[in-house]
Amino acid sequence: MSTYMTLALQIIFVIASLLMTITILLHKGKGGGLSSLFGGGVQSNLSGSTVVEKNLDRLTIVMVVIWVGCIIALNLIQSYGL
-3 MSTYMTLALQ
7 IIFVIASLLM
17 TITILLHKGK
27 GGGLSSLFGG
37 GVQSNLSGST
47 VVEKNLDRLT
57 IVMVVIWVGC
67 IIALNLIQSY
77 GL
């Protein structure tokens, strides 16, 4: 049973890593970031981009929490054989 749980956690870990990387790269940095390549630079001049940035921040935080949770769970499984 623990092998299926380990496999599921590893799959969730990889997906969370990819989504976290994408959401981090989409953030507007000091230089515009990759978000300006996808039209984010045009929207940043408008006043409505703050809602998008807040939602992107929330999504990034959720991805980080899932990522850290997977790391802790995988280490517990490896250490204690749960």
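Quick note on numbering: this note's numbering labels position 67 of the sequence shown as 63, and the sequence is numbered without any gaps.
Just so it is clear, CB atoms sit at the ideal spot from N, CA and C, and this is done for glycine as well.
Using DSSP with H/G/I as helix, E/B as strand and the rest coil, what is Val50? Here residue 50 corresponds to residue number 54 of the sequence shown, with the count starting at 1. The residue you asked about is not Val; residue 50 is Lys in the sequence shown. Three-state DSSP puts Lys50 in a helix.
Of the residues Met1, Leu5, Tyr0, Ser(-2), which one's Cα is nearest the Cα of Gly65? The residue labelled residue 65 in the question sits at position 69 within the sequence shown. Considering only alpha carbons, the answer is Leu5.
What number of angstroms, rounded off, separates the C-alpha of Ser40 from the C-alpha of Val48? Along the sequence shown, read from residue 1 onward, the residue named residue 40 stands at position 44. Along the sequence shown, read from residue 1 onward, the residue named residue 48 stands at position 52. Annotation note: pLDDT 49 at Ser40 (below 50); position unreliable, no value reported.
Check: Ser13 C-beta below 8 Å from any heavy atom of the ligand GDP: Absence of the ligand GDP from the depicted structure is noted, as is the absence of any ligand whatsoever, leaving it without description.
Neighbourhood of Ala69 by C-beta distance below 8 Å, restricted to the same chain and skipping five residues each side: What you label residue 69 is simply residue 73 of the sequence shown in a count that begins at 1. Around Ala69: Leu5.
By a C-beta neighbour count over all protein chains shown, 10 Å radius and 16 as the cutoff for buried, is Met59 buried or exposed? As a first step, residue 59 must be located in the sequence shown, where it is residue number 63. Answer is buried; the Cβ neighbour count reaches 16.
Can you give me the Cβ contacts of Val61 inside the same chain, cut-off strictly under 7 Å, excluding the 5 residues immediately before and after it? Mapped onto the sequence shown, residue 61 falls at position 65. Nothing listed; no residue qualifies.
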